[in-house]
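Working notes for the structure below.
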Amino acid sequence: MLKVDKFGGSSCADAAQFAKVKSIVAADPERRVVVVSAPGKRFQTDHKITDLLYLCAAHIKYGVGCEDIFDMIRGRYNDIARNCGLSLDLNPEFDALWEKIQGGVSKDEIASRGEYFSAKLMAAYLGFDFLDAALWVKFRFDGSVDQDASYEALRQAASGRAVVIPGFYGVMPDGHIKTFTRGGSDITGALAAAALDADVYENWTDVSGILMADPRIVKDPAPISHVTYNELRELSYVGAQVLHEGAVYPVREKHIPLNIRNTNDPAHPGTLIMESIDDAADKSDTFITGIAGKKGFSIITIAKTSLSSEHGILLQIMEVLEKHRVNVEFILSGIDTVSLMVSAAEVSSRLYEVLGELQRKLKPNSITVAEHIAIVAAVGRKMAYRLGTSGKLFATLGEHGVNVRMITQGPDELNIIVGVEETDFENAIRVLYNSFVKEN
Ligand code: ASP
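With the first letter of the sequence shown counted as 1, position 105 gets the number 129 in this note's numbering; the numbers rise by one all the way through.
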């Protein structure tokens, strides 16, 4: 058995957090491959090392001195080393980096050093080998990861060893360092788990898993215990802030479960994300996995007598929207009407051109636009084929005065999505949570 464990910035913020990581890793001999982020914030007003490194890079770009910031960064690592009782001295490497910076170093290379030094310290602290991501995370010139080459390189480099790998960066074919987008250590962890065919990818953060609803809207939402990769996609599509696609795809592709856990509460099982779930084993009695949503939509409704029997009319509509580069998120049609839900940000500057063109092409009876629409989605694999779910959902919204402007359900019945006025958005999420999760 092999577990690949990625620890985020808050888990690496200082020596006390390093100690928690050590006890988590030591508790399970299967945790032999550890991926770390750069130290994050220790307290609310603190700075993330990566932000400081980007700040250094900006100073250098404009020829402004940044020795103070550089020393602040060096100080953070020296504090961790000292407080962890490590004899490892990173100062020579910091001196060399400072020298190199004077000669000109790319922004990516500077930013990558946050993870690099973090991994150096963590490896010394855990008694594992340091394994540089530049040795195996291989980018192509177009910026994508060459998975086959990367996996092969990691399999060779990590074979039979316990290693700590810095997240967030890799190497271009010409040898230059390249970083992923922000938060990219999650991707490194997923690539490592996939390369090594791990039994599980454990992603340690400072929350006990993915929450069933946004905590800024619902008070103390429960964490999701089990969720499928499909449900997760639905939730993130409608606005839930979860891992980004690049951090999920490599493990999903290999059917490796992803477990999101809390470094500050290691006894909590967190959220387990899997390809499929045996629901007999899932004891929770609520059939909604999560509720999410987002604001910022408009609904364009085109009415024309016998519209549904007119050949090619949808194609004509889509051609107009495509021409103006407006993506249709949802499409609903009736006998005489078709409604298109589009992003308000995408359509707003072109709305009158789009409407004018639709008018000329289709000669409809009317076109109406409803603005300031939000979508709210209840997602749950256990909802499928369950009688009365949508009835209960609409009744609940109706009882609480939420006016439903649109309804759609995916063909796999994994979700029910409703469009509501933006002013009803928070209320809709709260009442659905209270009725489907709390009162269950
Ligand atoms: N340290 C990087 C960032 O702050 C990458 C990561 O933590 O995943 O974005």
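Ideal Cβ positions, reconstructed from N, Cα and C, are used throughout, including at glycine.
If you check the beta carbons only, do residue i and residue j fall under 9 Å apart?
i	j	result
A398	E445	yes
F192	S168	no
P290	S47	yes
R185	F152	yes
V57	P190	no
L215	I234	no
F141	F118	yes
A147	V187	yes
D132	I201	yes
Under 6 Å Cβ to Cβ from residue i, same chain only, skipping five residues before and after it: list those, please.
i	result
T475	Residue 475 is absent from the model: the chain starts at 25 and stops at 464.
Q41	S35
E450	I241
R374	H348
A264	A316
L282	Y225, V275, I297
List the residues that DSSP assigns as beta-bridge partners of residue i.
i	result
S357	V362
S390	A327
E445	I397
W228	F31, R285
K46	Answer is none; K46 lacks a bridge partner.
I315	A402
T295	I284
L235	P247
Could you pull the start and end residues of the beta strand (DSSP E) that residue i belongs to?
i	result
D210	Run containing D210: none in the beta strand (DSSP E); it sits in the alpha helix (DSSP H), 209–219.
V188	187–190
F418	Counting along the chain, F418 falls outside any beta strand (DSSP E), though it belongs to the alpha helix (DSSP H) covering 413–423.
V371	Careful: V371 lies outside any beta strand (DSSP E), inside the alpha helix (DSSP H) at 368–371.
K202	201–203
I431	428–433
I301	Per DSSP, I301 belongs to no beta strand (DSSP E) and is neither H nor E.
V195	193–195
Less than 8 Å between C-beta atoms, sequence neighbours within five positions excluded: which residues of the same chain meet that for residue i?
i	result
V378	I324, V344, L345, H348, V350, V371
M407	F311, I312, T413, E437, L438, N439, I440
Heavy atom of ligand 3 less than 8 Å from the Cβ of residue i, yes or no?
i	result
G127	The model depicted lacks ligand 3 and carries ligand 1 instead.
Specify, as a first and last residue, the run of the alpha helix (DSSP H) that residue i falls within.
i	result
R276	269–277
M342	337–347
L259	253–261
R179	171–182
Going by beta carbon distance, what residues of the same chain come within less than 7 Å of residue i, once the five residues before and after it are set aside?
i	result
A219	S174, Y175, L178, R179
N427	V444, E445, D448
L259	V266, G314, A316, V403
S357	S332
F94	C80, W122
Please check if any C-beta of chain C sits within less than 9 Å of the C-beta of residue i.
i	result
L421	Looking for chain C here will not work: only one protein chain is present.
**Q.** Any beta strand (DSSP E) of 3 or more consecutive residues that is wholly inside the region 102–136
**A.** The qualifying runs do not exist here; there are none.
Q | Entirely enclosed beta strand (DSSP E) segments - the region 48–105, minimum 3 residues | A | Taken in chain order, the complete beta strand (DSSP E) segments of 3 or more residues contained in the region 48–105 are 55–60.
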